[in-house]
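>
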Ligand SMILES: [Mg+2]
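Residue numbers (this note's numbering): 24 to 254.
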């Protein structure tokens, strides 16, 4: 046997074992975070941007239909016969509108992401927003370098409440769905997490505590949340 090859294999195995030790903490859990309304309070701003689009096109529709879902999934329902990509570009174009609400991180968000990372658990982000927007918002929270996988609107054929995004993130992290804990503020997001076979912490930033009963645990915000939360 070629000693160099044999040596390479054994060092591969050792580094794999080290990686597994580092990855697993006590129990192999992964954290998958939603972005809007979960890590950063953009929901009011996003809704104001969609409201501008509705007003511009004289469409009378409760803007909350856009909560937690990809714009490209909702636009065809609300604007039948329109060019979806054109309307998506238009809504992102309102981002510099002077009267939009400020974007602020959800209390405890950065602390929790750092706590999960320090524990050795892999972290993914699964958002209904576009990638560029998501990358900018993560930089605002100050935790971009701790997030291993970002699944954005462009990365899946179907958005939440379909579980595809959460399942894709789990696969990319090498985790089984049962080992994933999802943090979500929206009803489609919680439905997606449960459909993926994952445990879910509901964050009552956008909806009332009582409305998030589909989650396994509900918190007001991310302040003082334990990791792992279901120990
Ligand atoms: Mg959300």
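Positions of the beta carbon are idealized from the N, C-alpha and C atoms, including for glycine.
1) Skipping 5 residues on each side, what residues in its chain have a beta carbon closer than 7 Å to that of residue 196?
2) How about the stretch 206-213 and the stretch 53-67: do they share at least three Cβ pairs that are nearer than 8 Å?
3) Contact defined as beta carbons within less than 8 Å: I believe residue 252 pairs with residue 240. What is the distance between those atoms, to the nearest angstrom?
4) For residue 132, which residues in the same chain have their Cβ closer than 6 Å to its Cβ, ignoring the five residues on either side in sequence?
5) Tell me, to the nearest whole angstrom, how far the beta carbon of residue 176 is from that of residue 93; I am working on the premise that it is less than 8 Å.
6) Out of curiosity, what's the CA-to-CA distance linking residue 229 and residue 125?
7) In chain order, which alpha helix (DSSP H) runs of at least 4 residues are fully inside the stretch 169-233?
8) Looking only at C-alpha atoms, which of 70, 78, 215 sits nearest to residue 149?
9) The beta strand (DSSP E) with residue 147 in it runs from where to where?
10) How many angstroms separate the CA atom of residue 84 from the CA atom of residue 185?
11) How about residue 257 and residue 55: do their beta carbons lie closer than 8 Å?
For this structure:
1) 53, 145, 147, 171, 172
2) yes
3) 6 Å
4) 62, 164, 245
5) 5 Å
6) 15 Å
7) 187-196, 210-218
8) 215
9) 146-149
10) 23 Å
11) Residue 257 is absent from the model: the chain starts at 24 and stops at 254.
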